[in-house]
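Put into structure tokens, the structure is as follows:
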């Protein structure tokens, strides 16, 4: 089950588990050694590729609509997940660029 929590709602255990997951995904799995966290979406390799991405995107979009109504959303997505974000209306802008040794693309979503 997906959960959305504000930072001040996280327990110490929640925070530790999130940081451990991010280290596994971004430092170990993707072999990107740099300071974290920076706000990226992370999925454990235990659930990656099992179809949970759509549920996660739906939850993210609901939260954005509730917290930032009427505002355009801009992200810098890894090129490998560009189509993932296109499924909910993000549009790519410009050319891919390298950030932290990984190809990224700017994407925008019109206000909701």
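In the working numbering, the protein residues as written are 13 to 124. No residue lacks a Cβ here, since even glycine has one placed at the ideal position from N, Cα and C.
How long is the line joining the alpha carbons of residue 78 and residue 19, rounded to whole angstroms? 17 Å
Beta-carbon proximity check, residue 33 vs residue 56, cutoff 8 Å: yes
Span separating the alpha-carbon of residue 117 from that of residue 71: 22 Å
Which whole-angstrom value describes the C-beta separation of residue 91 and residue 68, a residue pair presumed to lie in contact below a C-beta threshold of 8 Å? No, residue 91 and residue 68 are not in contact; Cβ-Cβ is about 19 Å, not under 8 Å.
May I have the straight-line CA-CA distance separating residue 29 from residue 38, to the nearest angstrom? 14 Å
Going by Cα to Cα distance, which pick from 17, 124 and 95 is closest to residue 83? 124
Between which two residues does the alpha helix (DSSP H) harbouring residue 32 extend? 24-34
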